[in-house]
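Let me begin by presenting the structure, written as structure tokens, before commenting on it.
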DNA sequence: ATAGCCTTTCAAAGCGCTTTCAAATTCGTT
DNA sequence: AACGAATTTGAAAGCGCTTTGAAAGGCTAT
């Protein structure tokens, strides 16, 4: 059932039927109702490709998933972000498209995705500290919004980010107030901008307190449970182990907790832990009282905001870039406590 | 840059250029090279909507995410499944599209997605024991593959599934061999087929051993960490607590472990735990020696297989449905041990 | 040179929609 | 009754591609 057939059935022109369906004003109420009834009855759905070809809009938003960051697609944080975005998209009639590409071909993928008209805009995930994709997308003139920022990119672009630096600075300061001096950082991949900023916050707090950072207490990698476990084990085996640990994700924090428990250390008493909590829907930080003291910021909300911003940009491509900096809360849980003397 | 412009630049007809680009044989090698060079130089990408309109194929696979199963999109298991599928899609030139819909409109969404030509095929996720979507899709004549099965649907359809029943039956038998008699089941949502099958396996093993199932030891819900924790707490508070627990997911198992550790119980010694392990990439079951004894099956692989099967179906829509039943391994970890005499 | 056969190229129709511009109809006024 | 304005409908072009059916060009064999 296509437009032609439907209009023949109704004894109307394609023009009128098209208008009636798309809510144009120059159609009489009577015909509109007639058309709508017939469309429903015959289960007519306009072909989106034909529509897209005629209008020049795909009504699809693209997300590109590079293969190399193996865990990206699979990353639970990504999942919640996308869930938030998806909800906004569907409210505005957009679909969401994923393209999975080898990262050597990533540039080509972005170029292709937009130029071939498959999408109207793009969300850029997991920016590095100096992310070339941003230059590429601006140059291609694709409407896009970055989830996060890229510190070393100077030209303006739209982004939604959490104040990662301040969050980790505050968390570190809090641990310092509790008397801790040996504070470890188990970070995300520090090639990624958010991790670099968290590190900067951590370092800033240490410096302010006049404490020299110890490389043995700092590490960053893909945020898996295993990594949190491994690093904690390694650090606890040091001659001068940390008395507090700052962790970049709930997932890694689970590994940290496992390592601590294996050694009979109790969080909050024997050692303090603060984690970043993205408010993942299936991995909440406890029920009533939070398990972990945490810097908290909903990644799902970030997804919603980024989606809104992108849709706005698509509608008005020539507005100057917009930004949204979300502050993370520092919430008190059971995993922190004053430094125990010796 | 479109086909018309490119062909004018080359002084060729659109026909010839199109053929050269798409690798048709009736083009001389010389012109083909010339066309390819020009396409590259001018960065030409055929418009996919126009192409789709002309060929009738979208080169897109659809996944529908109902909103009600709030965690579905966000579900880490879903993420790994999709990662596997995405990889296969991209190898075959397909993109992947997600539609996020309220589940009251799910029927309409499927209908729409295919009829309006947005996708060439669909993957059905998380089937219920009696899933109406399967009837709908067959009736619409959409190529589709189900991840999992729907026990109460009798008509044939294509699926990729894990032998959930056997996996949980074996796991239960193993616990019985170790001497356990009070075995708890912390399951997924039992309206979903995979969870129902796991329960069936569990029950079959108990029955064979002549043990009457105890409703107080059985529960199913969304597989979150919190749920695993809550249920374990509740069950341990019983007059006659379980000595072994069977868990449907690593995520819930983490909650189980947390509950046990809070009470000072050690897995493998004081209480036995077996979990299902989907081999999530960022949540592995330990490094060398598995933490949990587990029924293991890669959900990522399932995604790959389902994608292959679907692409096959799209190519040959009239072949009879195919099936793939993956067996889960029972791997021995540190979380199980013989029943301790009370 | 010519016929016949490949090989290579092209013009034009068609995919299903939107949208411009023109035409037909209706209505309120005089 | 007639006119202009406002409302409602329609014919046809166009979006960028593929593909059919025809034509042109290049061979070989006579």
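Protein chains in written order, with the working numbering: chain S, 3 to 344; chain D, 3 to 344. Quick reminder that beta carbons are idealized off the backbone N, C-alpha and C, glycines included. Just so you know, these numbers come straight off a predicted model, no measurement behind them.
Check: Best match in S:110, S:92, S:321 and S:77 for proximity to residue 145 of chain S [C-alpha to C-alpha]; Outcome: S:321
Check: Where residue 240 of chain D falls, given that 16 or more other Cβ within 10 Å makes a residue buried; Outcome: exposed
Check: Beta-carbon proximity of residue 203 of chain D to residue 169 of chain D, cut-off 8 Å; Outcome: yes
Check: Within 8 Å, strictly: CB atoms of residue 325 of chain S and residue 297 of chain S; Outcome: no
Check: Check whether residue 196 of chain D and residue 270 of chain D have beta carbons under 8 Å apart; Outcome: no
Check: Residue 153 of chain D versus residue 161 of chain D - alpha carbon distance; Outcome: 12 Å
Check: For residue 305 of chain S, the three-state DSSP class (helix, strand or coil); Outcome: helix
Check: Neighbourhood of residue 4 of chain S by C-beta distance below 8 Å, restricted to the same chain and skipping five residues each side; Outcome: 46 and 49
Check: Three-way DSSP call (helix, strand, coil) for residue 277 of chain D in this model; Outcome: strand
Check: 8 Å Cβ cutoff, residue 18 of chain D in contact with chain S; Outcome: no
Check: Option nearest residue 58 of chain S by Cα separation, candidates S:316, S:341 and S:333; Outcome: S:316
Check: Assigned secondary structure, residue 68 of chain D (DSSP; H/G/I helix, E/B strand, else coil); Outcome: strand
Check: Partners in chain S for residue 97 of chain D, counting only beta-carbon separations shorter than 8 Å; Outcome: 99, 100, 101 and 120
Check: C-alpha gap between residue 217 of chain D and residue 263 of chain S, whole angstroms; Outcome: 32 Å
Check: Outcome for residue 68 of chain S when other beta-carbon atoms lying within 10 angstroms are tallied against a minimum of 16; Outcome: buried
Check: Near the ligand MG: residue 145 of chain D beta-carbon under 7 Å from a heavy atom; Outcome: With respect to small molecules bound, the structure shown includes none, and the ligand MG cannot be examined in it.
Check: Min CB distance residue 145 of chain S to chain D below 8 Å; Outcome: no
Check: Contacts around residue 307 of chain D, its chain only, beta-carbon distance under 7 Å, and the 5 residues preceding and following it disregarded; Outcome: 162 and 326
Check: Nearest residue (CA-CA) to residue 158 of chain S, options S:143, S:164, S:109 and S:172; Outcome: S:143
Check: Spatial distance of residue 133 of chain S from residue 230 of chain S (CA atoms); Outcome: 27 Å
Check: Complete alpha helix (DSSP H) runs within the stretch 91-135 of chain S (minimum length 4 residues, chain order); Outcome: 108-117
Check: Cβ neighbour criterion (16 or more within 10 Å) applied to residue 199 of chain S; Outcome: buried
Check: Check whether residue 250 of chain D and residue 225 of chain D have beta carbons under 8 Å apart; Outcome: yes
Check: Beta-carbon separation (whole angstroms), residue 304 of chain D vs residue 164 of chain D, contact threshold 8 Å; Outcome: 7 Å
Check: Distance, residue 62 of chain D Cα to residue 86 of chain D Cα; Outcome: 16 Å
Check: Proximity below 8 Å, CB of residue 60 of chain D to CB of residue 51 of chain S; Outcome: yes
Check: Contact set between the stretch 121-143 of chain S and chain D, restricted to residues whose Cβ is under 9 Å from the partner; Outcome: none
Check: Closest residue to residue 88 of chain S among S:43, S:78 and S:309 (Cα-Cα distance); Outcome: S:309
Check: Inter-residue CB distance, residue 186 of chain D and residue 247 of chain D (contact presumed, cutoff 8 Å); Outcome: 5 Å
Check: Beta-carbon spacing of residue 78 of chain D, residue 332 of chain D below 8 Å; Outcome: no
Check: Residue 143 of chain S (DSSP reduced to helix, strand or coil); Outcome: coil
Check: Three-state class that DSSP yields for residue 62 of chain D in the structure shown; Outcome: strand
Check: Top-ranked residue by Cα proximity to residue 339 of chain S, from S:272, S:10 and S:116; Outcome: S:272
Check: Proximity test, Cβ basis, 8 Å: residue 106 of chain S and chain D; Outcome: no
Check: Interfacial residues, the stretch 238-272 of chain D to chain S, with Cβ spacing under 7 Å; Outcome: 253, 256 and 263
Check: Run of the beta strand (DSSP E) containing residue 185 of chain S, from where it starts to where it stops; Outcome: 185-189
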